[in-house]
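Each residue of the sequence shown is one higher than the one before, counting from 8 in this note's numbering.
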Amino acid sequence: MSQQVDPQAIYLGRTDIRIPPLGTGTWAWGDRMFWGYGRNYSQADVEGAFQTSLTSGVNFFDTAEIYGWGRSERLLGQFIVAAGKPVVVATKFMPFPWRLRRKNLIDALRGSLKRLGMERVDLYQVHWPIAPVQIETWMDGMAEAVEAGLTRAVGVSNFSVSQMEQAYSALSRRGLALASNQVGYGLLNRAPERTGLLAACRQMGVTLIAYSPLTQGILTGKYTLENRPPGLRGRRYRSSRLAAIQPLIQLLHHIGEVHDSKTPAQVALNWVICKGAVPIPGAKTARQAQENAGAIGWSLKHDEVAALDEASQLTRW
Ligand SMILES: NC(=O)c1ccc[n+]([C@@H]2O[C@H](COP(=O)([O-])OP(=O)(O)OC[C@H]3O[C@@H](n4cnc5c(N)ncnc54)[C@H](OP(=O)(O)O)[C@@H]3O)[C@@H](O)[C@H]2O)c1
């Protein structure tokens with residue numbers, strides 16, 4: 008019996024892997040230093056985020072070996088086993104400067120698979136283009152990983168247009184397609200449009216996976232001068248920046264109202280989808296996962312996307 012395909016599902020790059028138009032990011036699952044795991048949210052909370060994502064049709068999860076120093080992969084693997092449902096899993100290889108050979112990539116992937124409790128992942132990504140090892144070396148390692156059946160597809164992350172082209176060519180020589188490039192993208196970070204990366208992805212058939220699409224919670228509108236973001240985010244998003252984004256937040260509210268009371272987060276995520284990218288908002292709780300999943304199944308109109316483009320351009324923050 009063939010498996011039922013969600014009508015909203017899209018292809019990941021030029022692979023045959025189907026993903027929903029939005030995924031769930033899992034950096035916060037187990038990360039104490041930046042996100043404060045174990046202080047204001049727990050394993051039960053992130054398990055709720057996992058289950059609610061799944062029941063809402065969001066079965067694409069992004070993790071990395073470095074998130075919570077392996078804890079994110081372990082938790083995700085544990086939840087997947089308990090759920091017993093098909094999921095699409097993406098994880099990442101960090102090219103630490105002491106990792107110099109392509110065997111290091113295979114070993115790191117085997118470590119990720121062990122923590123995830125899986126025989127292969129769907130997408131394996133090079134987390135950052137870090138020197139000194141050439142991009143070609145890592146892509147050869149990726150090709151070996153595909154040939155060994157350890158990953159179905161290959162992606163990169165934080166790669167510029169030229170670095171992405173290098174990765175693309177190296178994989179082509181091995182008869183493989185580059186599936187994705189995961190970069191920061193959202194209403195408050197439009198670099199992929201300015202640098203031509205978004206256009207290049209479209210042209211090359213590479214999915215742009217958008218990380219921090221809510222600017223780490225800022226675009227939900229919940230953080231204000233009176234309610235500053237906690238922890239390290241408090242330093243990054245100072246008062247002047249929180250004040251500068253208020254007109255944009257107001258517009259997100261206003262546009263959301265005419266779409267059946269969508270929230271600012273849902274409108275901000277739908278804007279990313281309208282641009283042709285796949286946002287992967289991080290969710291720490293079932294409530295957040297539920298809200299983020301409500302960003303799919305409907306679409307902003309052209310004039311609303313244009314109004315948001317303009318408001319984000321005017322935001323000096
Ligand atoms: N490749 C890379 O280099 C890279 C870098 C960064 C992230 N990523 C990936 O991208 C994912 C998402 O990025 P991100 O976590 O940095 O930022 P994000 O998705 O913009 O923001 C996530 C945070 O916003 C808050 N939030 C999310 N949904 C919410 C909702 N509906 N209502 C209220 N608050 C909500 C939560 O924090 P609070 O509740 O504490 O506010 C959550 O942890 C990560 O999990 C990771 O998988 C990749």
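By construction, the Cβ of each residue, glycine as well, lies at the ideal position given by its N, Cα and C atoms.
None of the values given here were measured: they were computed from a predicted structure.
Ala186 (DSSP reduced to helix, strand or coil): The residue labelled residue 186 in the question sits at position 179 within the sequence shown. Here Ala186 sits in strand by DSSP.
Beta-bridge pairing of Phe68 - partner residues as DSSP gives them: Working through the sequence shown from its first residue, we reach residue 68 at position 61. Phe68 pairs with Thr31, Val96.
Sheet register partners of Ala217 (DSSP bridge): What you label residue 217 is simply residue 210 of the sequence shown in a count that begins at 1. According to DSSP, which records beta bridges pairwise, Ala217 is partnered with Val190, Pro286.
Straight-line Cα distance separating Leu19 from Tyr175: Counted from its first residue, the sequence shown places residue 175 at position 168. Counted from its first residue, the sequence shown places residue 19 at position 12. Looking at the two C-alpha atoms, the distance is approximately 15 angstroms.
Assigned exposure category for Pro102 - 16 Cβ within 10 Å defines buried: Taking the sequence shown and counting its residues from 1, one reaches residue 102 at position 95. Looking at its Cβ environment, which holds 16 or more other Cβ atoms inside 10 Å, Pro102 is buried.
From Ser119, Val65, Ile142, Leu123, residue whose alpha carbon lies closest to that of Leu107: Position 100 of the sequence shown, counted from the start, is the residue given in the question as residue 107. If we check each option's Cα against that of Leu107, Ile142 comes out closest.
Opening and closing residue of the alpha helix (DSSP H) in which Gly238 lies: Within the sequence shown, numbered from 1, the residue matching residue 238 stands at position 231. For Gly238, the enclosing alpha helix (DSSP H) has its first and last residue at 238-243.
As assigned by DSSP and simplified to three states, the class of Met8: Indexing the sequence shown from 1 puts residue 8 at position 1. Its pLDDT being 40, under 50, Met8 is placed unreliably by the model, and nothing is read from it.
Close beta carbons around Leu255, own chain, < 7 angstroms, minus the five adjacent residues each side: To locate residue 255, count along the sequence shown from 1; it is residue 248. Taken in chain order, the residues that qualify are Leu194, Ala318, Ser319, Thr322.
Range of the contiguous beta strand (DSSP E) that encloses Ala160: Translated into the one-based positions of the sequence shown, residue 160 becomes position 153. It spans 158-164 - the beta strand (DSSP E) in which Ala160 sits, taken as one unbroken run.
Start and end residues, alpha helix (DSSP H) containing Gln6: In the structure as shown, the chain starts at 8 and stops at 324, and residue 6 therefore has no counterpart that could be examined.
Beta-bridge pairing of Gln132 - partner residues as DSSP gives them: Along the sequence shown, read from residue 1 onward, the residue named residue 132 stands at position 125. In the DSSP output, where bridge partners are listed per residue, Gln132 has Lys99, Gly162.
Spatial neighbours of Phe166 in its chain, beta-carbon cut-off 7 angstroms, leaving aside the 5 residues before and after: The count along the sequence shown starts at 1 and reaches residue 166 at position 159. Within the same chain, Phe166 has close Cβ partners Pro136, Ala174, Asn188.
Residue span of the alpha helix (DSSP H) that contains Glu233, given as start and end: Mapped onto the sequence shown, residue 233 falls at position 226. Neither: Glu233 is in no alpha helix (DSSP H) and is coded neither H nor E.
Beta-carbon contacts of Leu82 that lie in its chain and below 7 angstroms, excluding the five residues immediately before and after: By 1-based counting over the sequence shown, the position of residue 82 is 75. Contacts found: Trp36, Gly37, Gln50, Val53.
Candidates Arg197, Ile225, Ser63, of which the one nearest Pro28 by Cα: Along the sequence shown, read from residue 1 onward, the residue named residue 28 stands at position 21. Nearest option by C-alpha distance: Ser63.
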